[in-house]
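For what it's worth, UniProt numbering labels the leading residue of the sequence shown as 1, then goes sequentially. Written below as structure tokens is the structure these notes are about.
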Amino acid sequence: MVIRQLSGANKTYTWSLYAWSFALGLYACVLLVQNNEPLNHSVAIVGALPFLIIYLLQLIGFVKGFIKKEVDE
């Protein structure tokens, strides 16, 4: 469950799950109620940046592995 991963603990407590769920739900509701399209775009971009970094690191690892395999052959 995503909320358990966000809490950062192997053994999660019920109050922690409820707190994260409430915080994320409140955050989403505030963004919906404001109906501010530029703000929603900015939040989406900032939220996607960590995934972009992970994908770039995966790409670098893939290219390095491919080059190493080609050099070894």
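Don't be surprised by glycine CBs; every beta carbon is placed ideally from N, CA and C. Predicted model, so just to flag it, every value in this text is computed and none were measured.
Can you tell me whether residue i is helix, strand or coil according to DSSP?
i          : result
residue 73 : coil
residue 40 : helix
residue 55 : helix
residue 13 : coil
Would residue i and residue j qualify as a contact pair, given that the criterion is a beta-carbon distance under 8 angstroms?
i          : j          : result
residue 46 : residue 31 : no
So, does the CB of residue i fall closer than 8 angstroms to a CB anywhere in chain C?
i          : result
residue 54 : Of the protein chains in the structure, only one exists, and it is not chain C.
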